[in-house]
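Enquirer:
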Amino acid sequence: MNKVMLVFGTRPEAIKMCPLVNRLKQEPNFQVVVCTTGQHKEMLQQVLDVFSVVPDYDLHIMKERQTLFDVSIGILQAMREVLEKEKPDIVLVHGDTSTTFNAALACYYLKIPVGHVEAGLRTYNIYSPFPEEFNRQAVGIIADLNFSPTQRSAENLLREGKSPESIFVTGNTVIDALSTTVQSDYTNPELEWAADSRLILLTAHRRENWGQPLRNIFQAIKKITESYDDVKVIYPIHMNPIVREIAYEVLGDNDKVHIIAPLSVIDFHNFIARSYLIMTDSGGIQEEAPSLGKPVLVLRDTTERPEGVSAGTLKLVGTDENVVYEAVKQLLNDKMYYERMSKSINPYGDGTACDQITKILRNRFKNNI
Ligand code: UD1
Ligand code: UDP
107 MNKVMLVFGT
117 RPEAIKMCPL
127 VNRLKQEPNF
137 QVVVCTTGQH
147 KEMLQQVLDV
157 FSVVPDYDLH
167 IMKERQTLFD
177 VSIGILQAMR
187 EVLEKEKPDI
197 VLVHGDTSTT
207 FNAALACYYL
217 KIPVGHVEAG
227 LRTYNIYSPF
237 PEEFNRQAVG
247 IIADLNFSPT
257 QRSAENLLRE
267 GKSPESIFVT
277 GNTVIDALST
287 TVQSDYTNPE
297 LEWAADSRLI
307 LLTAHRRENW
317 GQPLRNIFQA
327 IKKITESYDD
337 VKVIYPIHMN
347 PIVREIAYEV
357 LGDNDKVHII
367 APLSVIDFHN
377 FIARSYLIMT
387 DSGGIQEEAP
397 SLGKPVLVLR
407 DTTERPEGVS
417 AGTLKLVGTD
427 ENVVYEAVKQ
437 LLNDKMYYER
447 MSKSINPYGD
457 GTACDQITKI
467 LRNRFKNNI
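Numbering-wise (our numbering), the sequence shown opens with residue 107 and increments by one.
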């Protein structure tokens, strides 16, 4: 029996790791242990409920307005105890959050092998996104197994000198979920509210956008709602009070904008499917929207997901108020341009990432059962 521990703590990690937890649990020769750091609380629980995953450990580290120091210290300290008790054969972490980095660092200190799911994404600017680019590069140094979503991300790792035997192109586990969440008969009162309009679905939370960049984005949206009668905006807002304060200040009394609580992932995928265009600074949404054929204006200066930009469904627009406003206007005014961006593409795999990762782990441990 081999013990596989999965560690995650935020909403996007949970969305992409829960399908893997459930797949690995079908393997008779694996003992699966789930440890959530609790870097997120409500937004994490929402995902655990959707996938019916009950963690074996919850480190409960979240505090309101937590700093990177709070999160890092909390995780590193609490992970030590769990790892020393459980002594897993391998720990799987996901992506690029503080949970990812600190869990991998704790494993490194205890010489426990690490598998990195969603490995090799890069902007090569450690301040953009901050601190995610540092986190994923640092985990890249530690990881024994790298599960890359695309050939391009695998090539980044090869260029950095990682051994080819440690790298596997598996696709992204989020695509595994996407095939089941979108339903043609889905309904929701918020979508009914927007049914007479072109719907812009908005999310924004990135640390480097806190302050003026967020204010610029919201001002641009305000201008759009003043310029177009047939546009409505739904913003399922992140629970971070720093983000909420600015959003309510600029958009709180705008009757064309509904700021709503975070949606469950099933709802959110269906909202993407019904929207006209997406505005986001999120990472994961840049993977989901192209496969549903929705144009995405990326509210960031860099992206680690160049596949969608090359294909033409993502456009990097940054956070300058005028640039954002003009980019939305172009999509709303120019039908041909809109059609070109709405191509449905899926560079992130064929929905078998969890199966592939399971098989790779099975092979790794086959002489050790
Ligand atoms: C974290 C990740 C980021 C990821 C994002 C996904 C780091 C440094 N950042 O950023 O990479 O894109 O998650 O959403 O790892 N909060 C709640 N309830 C929740 C979740 C958050 O109240 O369920 C509030 C808390 O006040 C918390 C704050 O949001 O202090 C910020 O959470 P944190 O995890 O530090 O940062 P995120 O911006 O969510
Ligand atoms: N998401 C969700 N509910 C929402 C907004 C987003 O379930 O209200 C999902 C979305 O489908 C994607 C993930 O959350 O899978 C993205 O998470 P987030 O933007 O918080 O983090 P990032 O991907 O930027 O790290």
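Yeah, the Cβ is synthetic: ideal placement off N, Cα and C, and Gly gets one too.
Please find out if some non-hydrogen atom of the ligand UD1 comes closer than 6 Å to the beta-carbon of Lys122.
Expert: For the purposes of this step, residue 122 is taken as the residue at position 16 of the sequence shown. No - the ligand UD1 has no heavy atom lying nearer than 6 Å to the Cβ of Lys122.
Enquirer: Fully enclosed by the stretch 230-267, which beta strand (DSSP E) runs are 3 residues long or longer?
Expert: 251-254
Enquirer: Could you tell me how far apart the beta carbons of Ser397 and Ile281 are, in whole angstroms, since I believe they sit closer than 8 Å?
Expert: Mapped onto the sequence shown, residue 397 falls at position 291. Mapped onto the sequence shown, residue 281 falls at position 175. Contact holds; Cβ gap of about 7 Å.
Enquirer: So, is Gln243 buried or exposed, given that buried needs 16 or more other C-beta atoms within 10 angstroms?
Expert: For the purposes of this step, residue 243 is taken as residue 137 along the sequence shown, with counting starting at 1. Of the residues assessed, Gln243 falls on the buried side of the cut-off, its CB having 16 or more other CB atoms within 10 angstroms.
Enquirer: Is DSSP giving Tyr292 helix, strand or coil here?
Expert: On the sequence shown, residue 292 is found 186 positions in, with the first residue counted as 1. Here Tyr292 sits in coil by DSSP.
Enquirer: Beta carbon of Pro481: closer than 6 Å to some heavy atom of the ligand UD1?
Expert: There is simply no residue 481 to check, as the chain begins at 107 and stops at 475 in what is shown.
Enquirer: Taking one C-beta from the stretch 205-222 and one from the stretch 244-254 each time, how about it: are there three or more such pairs within less than 8 Å?
Expert: Under the three-pair Cβ rule at 8 Å, the stretch 205-222 counts as touching the stretch 244-254.
Enquirer: Hey, Pro161 and Thr143: beta-carbon distance below 7 Å or not?
Expert: Indexing the sequence shown from 1 puts residue 161 at position 55. Indexing the sequence shown from 1 puts residue 143 at position 37. No, Cβ-Cβ distance for Pro161 and Thr143 is not below 7 Å.
Enquirer: Within this structure, are the beta carbons of Glu119 and Gly201 separated by less than 7 Å?
Expert: As a position in the sequence shown, residue 119 is number 13, starting the count at 1. As a position in the sequence shown, residue 201 is number 95, starting the count at 1. Their beta carbons are under 7 Å apart, which means Glu119 touches Gly201 by this criterion.
Enquirer: Cutting at 7 Å between CB atoms, please list the residues of its own chain near Ile378, excluding the five before and the five after it.
Expert: Walking along the sequence shown from the start, residue 378 turns up at place 272. The residues are Leu307, Ile384, Glu394, Ala395, Leu398, Lys400.
Enquirer: With 16 as the cutoff for other CB atoms within 10 Å, does Asn469 come out buried or exposed?
Expert: Your numbering for residue 469 matches position 363 in the sequence shown. Counting Cβ neighbours within 10 Å, Asn469 comes out exposed, since fewer than 16 surround it.
Enquirer: Would you please verify whether the beta carbon of Thr287 is less than 7 Å from any beta carbon of chain B?
Expert: Any reference to chain B falls outside this structure, which holds one protein chain only.
Enquirer: Can we count Pro270 as close to the ligand UDP, meaning its CB is less than 6 Å from some heavy atom?
Expert: In the sequence shown, counting from the first residue as 1, residue 270 sits at position 164. Because no heavy atom of the ligand UDP lies under 6 Å away, the Cβ of Pro270 does not count as near it: no.
Enquirer: Pull up the DSSP beta-bridge partners for Val415, would you.
Expert: Mapped onto the sequence shown, residue 415 falls at position 309. Bridge partners of Val415: none, in fact.
Enquirer: Could you please give the first and the last residue of the uninterrupted alpha helix (DSSP H) stretch that includes Pro347?
Expert: Position 241 of the sequence shown, counted from the start, is the residue given in the question as residue 347. Taken as a continuous stretch (DSSP letters only), the alpha helix (DSSP H) holding Pro347 covers 347-357.
Enquirer: Could you pull out every residue in the same chain whose Cβ sits closer than 6 Å to the Cβ of Ser450, ignoring the five residues on either side in sequence?
Expert: Start at 1 with the first residue of the sequence shown, and residue 450 comes out as number 344. Taken in chain order, the residues that qualify are Gly399.
Enquirer: Would you tell me roughly how many angstroms separate the C-alpha atoms of Cys124 and Gln462, rounded to the nearest one?
Expert: Within the sequence shown, the letter at position 18 stands for residue 124. Within the sequence shown, the letter at position 356 stands for residue 462. In a straight line, the C-alpha of Cys124 is about 15 Å away from that of Gln462.
Enquirer: Hey, which residues come within less than 5 Å of the ligand UDP, measuring from Cβ to any heavy atom, in chain order?
Expert: Arg117, Pro118, Ile121, Pro342, Pro368, Leu369, Val371, Phe374, Ser388, Gly389, Gly390
Enquirer: Thinking just about the alpha-carbon of each residue, which of Ala209, Met442, Gln436, Val139 is nearest to the one in Lys109?
Expert: Within the sequence shown, residue 109 is the residue found at index 3, counting from 1. Across the set Ala209, Met442, Gln436, Val139, the C-alpha of Val139 shows the shortest separation from the C-alpha of Lys109.
Enquirer: Following a CB-centred definition, is Arg350 positioned closer than 6 Å to any heavy atom of the ligand UD1?
Expert: Working through the sequence shown from its first residue, we reach residue 350 at position 244. Arg350: no, Cβ never under 6 Å from the ligand UD1.
Enquirer: Output the boundary residues of the beta strand (DSSP E) element that contains Val430.
Expert: Position 324 of the sequence shown, counting from 1, holds the residue named residue 430. Premise fails: Val430 lies in the alpha helix (DSSP H), 427-439, not in any beta strand (DSSP E).
Enquirer: Check for me: the beta strand (DSSP E) holding Asn108 runs from which residue to which?
Expert: Taking the sequence shown and counting its residues from 1, one reaches residue 108 at position 2. Where Asn108 is concerned, the enclosing beta strand (DSSP E) stretches over 108-114.
Enquirer: Could you tell me the alpha carbon to alpha carbon distance between Trp299 and Glu192, rounded to whole angstroms?
Expert: As a working mapping, residue 299 is identified with position 193 in the sequence shown. As a working mapping, residue 192 is identified with position 86 in the sequence shown. Roughly 50 Å separates the two Cα atoms.
Enquirer: What ranges does the beta strand (DSSP E) occupy inside the stretch 138-203, keeping only unbroken runs of at least 3 residues that lie completely in it?
Expert: Whole beta strand (DSSP E) segments, 3+ residues: 196-200.
Enquirer: Using a Cβ-Cβ cutoff of less than 6 Å, which residues in the same chain neighbour Tyr382 once the five nearest sequence positions on both sides are dropped?
Expert: The residue given as residue 382 occupies position 276 in the sequence shown. Excluding sequence neighbours, Tyr382 sits near Arg304, Leu305.
Enquirer: Among residues of its own chain, excluding the 5 on either side of Ile196, which ones have a beta-carbon nearer than 6 Å to its beta-carbon?
Expert: As a first step, residue 196 is located in the sequence shown; it is residue number 90 there, counting from the start. These residues qualify, in order along the chain: Val110, Pro219, Gly221.
Enquirer: Three-state secondary structure (DSSP) at Ile323?
Expert: Residue 323 sits at position 217 when you count from the first residue of the sequence shown. Residue state, collapsed to three classes: helix.
Enquirer: Which partner residues of Lys362 appear in the DSSP bridge assignment?
Expert: On the sequence shown, residue 362 is found 256 positions in, with the first residue counted as 1. The partner list for Lys362 (beta bridge, DSSP) is empty, contrary to what the question assumes.
Enquirer: Give me the Cβ distance between Thr425 and Asn346, rounded to the nearest whole Å; I'm assuming they're in contact under 8 Å.
Expert: What you label residue 425 is simply residue 319 of the sequence shown in a count that begins at 1. What you label residue 346 is simply residue 240 of the sequence shown in a count that begins at 1. Contact doesn't hold; Cβ gap of about 17 Å is too wide.
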